[in-house]
Structures are given as C-alpha cells and as structure tokens.
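Asks:
Residue numbers (mature numbering (1 follows the signal peptide of the UniProt record, and there is no 0)): -22 to -1, 1 to 955.
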C-alpha cells in the first residue's frame, strides 16, 4: 500500500499546493457541470468509452480536494455521422453546447463528425480517442481539439515500416466513401518511401434499398481488386463495415495465406453486421489483420495500473448493480463467463482474463480526469469558485495549453501523457496489432513494434516472432510476395515452330501470288478465259493476304502484328469468298434458264455489275476493320489468367473491338452461306463449265477450319498450342483453296499446252488415221497448209453417235485430238455494214431466240425453231423447240439445252447455200457434225459468224487481229502436219 501512495504523491501535492488558495465551501452539490459524451452508436465501443468517462467523474466527485463545490456529470448524446445527416448533427450539437451546462466534449465519432462538432462548438475543449484526421492538427480551425490517438500519417508510417521490413514495394488502398481523402494521403506517404500503391478502390456505403446484404453490393469492387493481382492491401473504413469488406474479400479469393491486410481503424468489429451478410462469418477470416496503434504500456506505471484496476473492478460491480441500463450492449442475461458480452467481461480487451480494460475506456478515463485537474487549477489560479464554471464565464479562459498541462504529471491508465503543442500525442513507440481470428469481437495482440529513432520519423521495426502470424498458417520466415512473379507465356518468334510456320505461310503466299500473276498475264488464253481468270486471280490474292496472318501470332513485342491482326485473315477470307461468289453468279447469269431461275432478271446483268458487286462486298467487310483500327485498335499486352496464374502475351482490344469482330464474323458467315446457296444452284450446269464440287468442297473445308479456329478459346490451352492450331488451320485453309481448286485448273491448262508442243507428231499420226478412216482426200489451201475434212459433213450427210446430242452435253468428240495439236486457220473477210458493227457491240447480237436449225446429226429432216447463244468462250448453247411427241424419236430433250464445243469446229461460213435466204444461213461443220442455222436477217447471221470466228481463232491460238470493220464470210480450220 505504501507503494501505491508513493505513486499518488503527485496527485496529493497538486491538490494541496494548487487548490489551497481558494476558500470555497466543501459542497459538491453547489454547482453542476457536464462533459458531453458524443457517439455515433457503435455497439460495445461506445459503451466502453462512456464507461471510462463516467468512471472518472465518479472518482472526481468522491475527491473533496478536486472541484469541492462542483459536481462533474456526463451527458451521453447520440449524434448522426456528418456524411449521413449533417443538419441533424448540427442541431444536436448546437442544442448541447448552448445548454450552458456542458463544459467540454468527448467524442467517439468518425473524423468528419469530429471536425463538424469542433467547428460548431470551437470554444469547448474537445477530446477524441479516435479522430486521426490530419486536418484536426490545424489549430486555426480546431483550437481546443486534442486527441490521444496517433494521426493517419503516423499510422501510415507504421504500415510503411511493415512494408519495408518484408520488402513489399507494391500494394493497393481501399477506402470507404467518406474515407476517400485517406487514399491521397496514402499515396503521398508510401510514395515518399519508394512504395507504389498501384490501385485505389473507393467503395460506396451500404444501401439497404438495393439489397438486404451489403456484400453483394460491393463484390464487383473486390473482383476488380483481384484483377490487379496485388497481394498487400491498406484499408480505411468504419469499424462497422470492416466485417462486410472482409467477407467480400473472402468471396473473391482475396483472403488466405497469400494476402496481407492492413486496417487503419481499430480492431473492433461490429457483431450486428452479421445481419448484412448473406452467409455466417467465419471469424478465422479476420485473423492476422494488421491494425496500427500506440504502445500505451510504455507510459503506464505498473503499480498505479494495478491500483487503478481495482478501482475499475469496484466501479464495474456497482454499475452492474445500479446503472447497467446505461450500457445497452451488456447482456445481463449472459451467464457464460467466456463470452465477450458477459457483464464482467464486457469492458475488457481480454475477456475471461479481465486484466486489460478496453483502451477506449482507459483513454476516456484519462481525458476526464485530466480535464477535472485543468478546471480545478483554472478556478484556483483565477481565485474564483465553481459557480464560474457552472455559468460558463470561465470558458473563454480555457486554452489548449491549460488542457494538456496536467498530462505529463499524472499517472495514466491509457498511456498517452505526452503531447505536442497542436494537441497531437507524441509516442516513441508504435505497435502493429493483429486480430486473433477467434471471434468477431475485439480480440487483438501486439505482433510488432516501431520505435522512433529520430525526429524525422525514421525508426526500427521489430517483429515479435512468438506472436506475429500470417493468415493461413504461413511460416514467419516465408512472407507473402506483394505481386506474384507470374511466369510469362509467349510464342518465341525465333523458335523452331515459328520459323516453320513462317516458311509454310511464305510458301503458300508465294504460290498464291505466282498463280495470280500467271492468271493475269495469261488471261487471254482461251482455255483460261472460260475459267474467269480475273476472279481466280483475286481469290489467289485473298489467300496470300490471309497467309500474312502469321505476323500477328508470334513474338512478344509485335505491336505492328496486333495492329494489322484485324485485317489480314478477315480481309483475305472476304476477298477469296467474294471472288468465288461472283464467279458462281456469272455462271448463274448464263445458265439461269436450266436451273429454274427464269423469273430473275439475271440476263440483264452486265460485266460491270459483277465488278461492283465484288467491290461492295469487300467494302462492307472492311468497314468494321476500319473502325477497329481507328477507334479500338488492338495492342500487345500481358493478360493474366488467374485460374492458371500465368501471363500470356496476346493482342487485346476493348469491348468495341469484340463487338466489331462479332459483326465481321457474322458478315463472313453470311458470305459462306451465300456461296453454298450459289454452289447448290449451279450444281446442274455441265461439268465442263462448272467446278461446283471443287468450290463447294473448298468452302466446306474452310467453314470447318473457321469453326475449329473459333473454338480455340479455352484458357487451359497454352498460347503456343493455340497459336500452332490457328497457324496450321490458316495454312491448311490456304492450301485447300490453292491445291484443291485453283492450282489444278492452272496445271491442267499448262499441261495441255505443253502436251500440244511435246506430242505434235503423235497428234499428226492420229489425225492421219482419222482422215484415212473417213476416206477423205486432202487439198492444199491458199496458205500452203494441208486441210482435211469429211465431205459427208459438208453435204450434210452422215450420222453417228455424238456426245453433243445428249441434253446438257458438250460436243467434244474430237476436241481431245484438236486440243493436242496446233491449227492453221484460213479466214475470208469482207467489210461489215454499220448495222452489223452495232449488233456486235451488244450481247444481243450473240443470241437469238427466233432462229431455225437444220441438224443432220439430230435426225432433223426439216428446219426446227431454236434458241441459240454464244457463251463467249469455247461453247455455244443450242436449244431446239420441238413438241413432246418428237422428243424421244429425235433423241434430244426439249427442256434442257445442248452445249456445243467450238474446239471441234472445222468450217464456218455464210451465204454458201442456194436461194435468196442463203445470206441468212450460217453453216457450222464439226468433225462429226453439221449444223445449219437460219437467222431472221442477214445482219444477225453475219454478226453470229464473225463472233464465232473470232472466238475460235482465240481458241486455236491465232494471234491475228481482225480490223473492227472486217466481217468474216468464211473460215476453215485444218490440221497442222
């Protein structure tokens, strides 16, 4: 007991020396003054703070040496937060301060509410144990405010020391809506120490009108936080919301052994927040949350603390018996002594042990006790009485220096007894506390300390190995990393696979361009013209463009490749498909009458219409590509896949990029559909003019390959595998178009030409045998070459089975021979009339629906009405109009036309018959057939003969150019010996 009184000597000395001069009556009931205790309704915490202030006033009122003529009371007032209802806050505080009985304020409110309260009542001493805002250090705005808590900047220095101790250089800051100011301060403090806060997240307050549960409202915010891949977090939020944030963090995978959480606010969590959680909270989620705070035990005298604790126990028992109703969070019905709300445990940081009273309680006690000494000294110094306090006349004499003066001389229960001139506390040592994770109540322990060693704030950070823990049971020597060193996955541009793909794609592109060049240079070859070489050439260009897609598939720094990626493959496909579509459309125009499309005006389409159609098709397809390049360009970026914990270097774009890609894909899909429709429609066109199978097969394979390519979206596949599949698909697709369709056509033409030169002698022998079999003679024409023809064909006699007599077939009986030899042509011409020249300029001059035909090979013994059309290249179409009863006997179809190849033509003339209509007759003599066609006038016949003659000359490779004013009267073709 002697030791206790020795520690209380300063109190007794202060009472006898400072108060003896005042001659006042010893009547505690003479005057009454109050301390206004403000809180925002935080359960448990508000009760603990109010308990400490009331306990101090009870001790002061028992001490007749302190304020002997005055009773010190408390008025606990609930106030709304400043960001919730500022008007009600203002009215409540004004009413309290104007009552004349409140001598000082003690607030357990958030920083904004503390600031608002101090501004409303600037002349009253105002104490707060939790107001950590840096602005409260401004004594021009808050002249009488003081606090026993460290400032936010001081707490941040503890966090910075924690970061630096474990080598963390990156982190993220999370703030509740009204704590947003703390983010800017955090960036400043951390940045000055070389630590980068790479992400900042401001979270909206709980809105019960949206949903009952707060967690789903903020889950998307924490999903964003997860996407940053950061692991170390600093959080500023109200105590009542920390539990919600940690639940949202847990639901998004941000809680566990790889993550570290710092919370600026105190470690007290609100148990009632469970009502806002969709599932029960597992307290272990709160384990190892780091909370900065002072180490008050440094200034607590152990002897005094033990004495003070006995006072606390005595007062607590009295409260439970008499004033328990003042503390709504204390459960008098709780009989389990291990529960935090058990009455005897309610005001302790160590429920059950009950040795460490709550720090808010101790801080409130110290503040009220110090204030009582300040007021007593003020009354004594001024030689007045407690009445001056009760009528507020001494209020103007209260200064911050007077309020802080007793602290260094008094033993304290809370530990804060040193202040700087602005009312901020000075601590030589700070602590980093961690939550137990055993319950949602306020259970913390000291895990590390930060001791200042200089005035500039530098110090030594020390981790207590016996108490410091990581979440998830991680070993202390194995700290989490601030940012995962994720392995990168990229296609090596110098690797074997990339080189092989470059070679393959380059080879295919070279083949495509070579084929296009061949088709452009040799487009006038008769055997090529029938294949529409200009469209095949454009298809080859499309294939070459698509093969350049390889530049966007490999390499880490391929910004150019990403920029052109939207163009290469889509544009190549569009060019190729549009070429094939227009090619089919041209065939539809010619053969629409045999496939049931007479109702479509396809015959009115002109050549420029097809060019326009292809151009428009390509332009429509390039519009999304232009928009992508202009508004949403793709860029090279490392994309993190959380489930695989890997970075992949890929070309990425915005949401607009994805939308435009979808539009482009739909357009390409429409092209495939249109191509399949056209292929289906032209399926009945004679095979000699139609490559439906090749086009259809090519399109089907391309669709299949595109489908496979679109399905390569699984994140489980490595980027190398996906690139390999995509490259192989593009290469295989190009090879299909080239080697299944285009190249075989070119090779057939080339091989045919080579064979004509190589096997000329063999062809002559075959021709000689044919001539001998026919019994024909030979004669020498005016060019000196030998001409052999079958005289029976000249006279219209003879018959025989001819492939050209079947509907839909082409007369190619001797074309296999005639195509393997060179020919000489003798042409007799005359000056054309102007009318013939005009008809030759029109397509109509090459067709006539009102002609009459005499065909000996078709057993037509009389003239039959027919329709005739020259297709331009080595075929003309003949359709004879006969009745159904003659159809079988004549051996021809009245429904389907007949296609007659000009490759077997040996003679054509006009005007060789007898009679006045001879100039209207055209005679065509083939190796095994003679066809005579009568036109309705001479000009029609002349135009027809001239057109067929010019076409046949091109077929035979005759390079002579007829003058536009020349009309062909007669043309004979003879075999070359």
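Ideal Cβ positions, reconstructed from N, Cα and C, are used throughout, including at glycine. Here the structure is a predicted model, which is why all the values come from computation and not from measurement.
1. Quick check on this structure: which residue in 82, 411 and 425 has the alpha carbon closest to the alpha carbon of residue 243?
2. Between residue 452 and residue 133, what straight-line distance do the alpha-carbon atoms span, to the nearest angstrom?
3. For residue 516, is the classification buried or exposed, using 16 other Cβ atoms within 10 angstroms of its Cβ as the cut-off for buried?
4. Under the assumption that residue 299 contacts residue 126 (Cβ atoms under 8 angstroms), give the Cβ distance between them as a whole number of angstroms.
5. Within 10 angstroms of its Cβ, does residue 884 collect 16 or more other Cβ (buried), or is it exposed?
6. Can you give me the C-alpha to C-alpha distance between residue 675 and residue 647, rounded to a whole angstrom?
7. Count the other CB atoms, across all protein chains shown, that sit within 10 Å of the CB of residue 375; report buried if there are 16 or more and exposed otherwise.
8. Return the bridge partner residues of residue 957 from the DSSP annotation.
9. From what residue to what residue does the alpha helix (DSSP H) around residue 143 run?
10. Which of the three DSSP states, helix, strand or coil, is assigned to residue 158?
11. Rounded to whole angstroms, what is the Cα-Cα separation between residue 167 and residue 149?
12. Please report how far the alpha carbon of residue 203 lies from the alpha carbon of residue 20, in whole angstroms.
13. Using 8 angstroms as the threshold, is the stretch 365 to 373 in touch with the stretch 3 to 19, meaning 3 or more CB pairs across them?
14. Please classify residue 682: does DSSP put it in a helix, a strand, or coil?
15. Comparing alpha-carbon positions, which option in 212, 594, 384 and 95 lies nearest residue 154?
16. Tell me where the beta strand (DSSP E) around residue 912 begins and ends.
17. If you draw a straight line from the C-alpha of residue 630 to the C-alpha of residue 450, how long is it?
18. Provide the residue span of the beta strand (DSSP E) that contains residue 500, from first to last.
19. Compute the Euclidean distance between the alpha carbons of residue 718 and residue 520, then round it to the nearest angstrom.
20. In terms of residues, what are the limits of the beta strand (DSSP E) holding residue 53?
21. For residue 14 versus residue 82, is the C-beta distance shorter than 9 angstroms?
22. Check whether the stretch 165 to 182 and the stretch 135 to 143 touch, using three or more Cβ-Cβ pairs below 8 angstroms as the test.
23. Buried or exposed: residue 454, going by 16 or more other Cβ atoms within 10 Å of its Cβ?
24. For residue 172, report the span of its alpha helix (DSSP H) as first-last.
25. Compare the beta carbon distance of residue 392 and residue 115 with 9 angstroms and say whether it is the shorter of the two.
26. Pop quiz: residue 273 and residue 407 are said to be a contact at Cβ under 8 angstroms. What is the actual Cβ separation, rounded to whole angstroms?
27. Do the CB positions of residue 677 and residue 583 come within less than 9 angstroms of each other?
28. Grab me the residues of residue 316's own chain with a C-beta within less than 6 angstroms of its C-beta, minus the 5 sequence neighbours each way, in chain order.
29. Is residue 394 helix, strand or coil by DSSP?
30. Whose C-beta lies closer than 6 angstroms to the C-beta of residue 922 among residues of the same chain, with five residues either side of it excluded?
31. Which class does residue 99 belong to by DSSP, given the choice of helix, strand or coil?
32. Under three-state DSSP, which class holds residue 426?
33. Counting pairs of Cβ atoms below 8 angstroms between the stretch 34 to 45 and the stretch 73 to 90, do you hit three or more?
34. Can you tell which of 902, 601 and 380 has the C-alpha that lies nearest to the C-alpha of residue 354?
35. Quick check: what's the CA-CA separation for residue 397 versus residue 121?
36. Quick one: what does DSSP say residue 460 is sitting in, helix, strand or coil?
Replies: For this structure:
1. In the chain shown, the residue the question calls residue 243 occupies position 265. The option with the nearest alpha carbon to residue 243 is 411.
2. Along the chain shown, read from residue 1 onward, the residue named residue 452 stands at position 474. Along the chain shown, read from residue 1 onward, the residue named residue 133 stands at position 155. In this structure, the straight-line span from the alpha carbon of residue 452 to that of residue 133 is close to 25 angstroms.
3. Reading the chain shown from its first residue, position 538 is the one you call residue 516. So residue 516 counts as buried.
4. The count along the chain shown starts at 1 and reaches residue 299 at position 321. The count along the chain shown starts at 1 and reaches residue 126 at position 148. With a Cβ gap of about 30 angstroms, residue 299 and residue 126 do not count as contacting.
5. On the chain shown, position 906 is the one that residue 884 refers to. Counting Cβ neighbours within 10 Å, residue 884 comes out buried, since at least 16 surround it.
6. Here the question's residue 675 lines up with position 697 in the chain shown. Here the question's residue 647 lines up with position 669 in the chain shown. Cα-Cα distance, rounded: 16 angstroms.
7. As a first step, residue 375 must be located in the chain shown, where it is residue number 397. With fewer than 16 other Cβ atoms within 10 Å, it is exposed.
8. Any question about residue 957 goes unanswered here, given that the chain covers just -22 to 955.
9. Along the chain shown, one-based indexing puts residue 143 at 165. Run containing residue 143: 130 to 143, per the alpha helix (DSSP H) assignment.
10. Against the chain shown, residue 158 aligns to sequence position 180. Note: residue 158 maps to helix in three-state DSSP.
11. Position 189 of the chain shown, counting from 1, holds the residue named residue 167. Position 171 of the chain shown, counting from 1, holds the residue named residue 149. Rounded to whole angstroms, residue 167 and residue 149 show a C-alpha spacing of 13 angstroms.
12. Locating residue 203 in the chain shown gives position 225, counting from the first residue. Locating residue 20 in the chain shown gives position 42, counting from the first residue. So the two alpha carbons sit approximately 28 angstroms from each other.
13. With three or more CB-CB distances shorter than 8 angstroms, the stretch 365 to 373 counts as touching the stretch 3 to 19.
14. Position 704 of the chain shown, counted from the start, is the residue given in the question as residue 682. In the structure shown, residue 682 sits in a helix (DSSP, three-state: H, G or I).
15. Counting from 1 along the chain shown, the entry for residue 154 is found at position 176. With distances taken between Cα atoms, residue 154 lies closest to 212.
16. Within the chain shown, residue 912 is the residue found at index 934, counting from 1. It spans 907 to 912 - the beta strand (DSSP E) in which residue 912 sits, taken as one unbroken run.
17. As a working mapping, residue 630 is identified with position 652 in the chain shown. As a working mapping, residue 450 is identified with position 472 in the chain shown. When rounded, the distance between both Cα atoms is 36 angstroms.
18. Residue mapping note: residue 500 aligns to position 522 of the chain shown, counting from 1. Membership of residue 500 in any beta strand (DSSP E) is not indicated, and neither H nor E is assigned to it by DSSP.
19. Stepping through the chain shown from its first residue, residue 718 is reached at position 740. Stepping through the chain shown from its first residue, residue 520 is reached at position 542. Just so you know, the alpha carbons of residue 718 and residue 520 end up roughly 16 angstroms apart.
20. As a working note, residue 53 is residue 75 in the chain shown. 48 to 56 is the span of the beta strand (DSSP E), which, as asked, contains residue 53.
21. Here residue 14 refers to the residue found at position 36 of the chain shown. Here residue 82 refers to the residue found at position 104 of the chain shown. Pairing residue 14 with residue 82 gives a Cβ-Cβ distance under 9 angstroms.
22. Flag = yes, the stretch 165 to 182 and the stretch 135 to 143 touch.
23. As a first step, residue 454 is located in the chain shown; it is residue number 476 there, counting from the start. Under this definition residue 454 is an exposed residue.
24. Here residue 172 refers to the residue found at position 194 of the chain shown. Run containing residue 172: none; DSSP gives neither H nor E here.
25. Position 414 of the chain shown, counted from the first residue, corresponds to residue 392. Position 137 of the chain shown, counted from the first residue, corresponds to residue 115. In this structure, residue 392 keeps its C-beta atom at 9 angstroms or more from the C-beta atom of residue 115.
26. The residue given as residue 273 occupies position 295 in the chain shown. The residue given as residue 407 occupies position 429 in the chain shown. Confirmed, about 5 angstroms.
27. The sequence position of residue 677 within the chain shown is 699, counting from 1. The sequence position of residue 583 within the chain shown is 605, counting from 1. In this structure, residue 583 does not lie closer than 9 angstroms to residue 677 by Cβ.
28. Position 338 of the chain shown, counted from the first residue, corresponds to residue 316. Around residue 316: 330.
29. Looking up residue 394 in the chain shown gives position 416. It is coil, neither helix nor strand.
30. Counting from 1 along the chain shown, the entry for residue 922 is found at position 944. Same-chain partners within the cutoff: 900.
31. Against the chain shown, residue 99 aligns to sequence position 121. When secondary structure is reduced to three states using DSSP, residue 99 falls in the coil class, being assigned neither helix nor strand.
32. For the purposes of this step, residue 426 is taken as the residue at position 448 of the chain shown. Shown here, residue 426 sits in a strand according to DSSP, grouped into three states.
33. The stretch 34 to 45 makes no contact with the stretch 73 to 90: fewer than 3 CB pairs, one atom from each, lie closer than 8 angstroms.
34. Position 376 of the chain shown, counting from 1, holds the residue named residue 354. Considering only alpha carbons, the answer is 380.
35. As a first step, residue 397 must be located in the chain shown, where it is residue number 419. As a first step, residue 121 must be located in the chain shown, where it is residue number 143. Taking the straight line from one Cα to the other gives about 15 angstroms.
36. Counting from one through the chain shown, the residue named residue 460 turns up at place 482. Residue 460 falls in the coil class under three-state DSSP.
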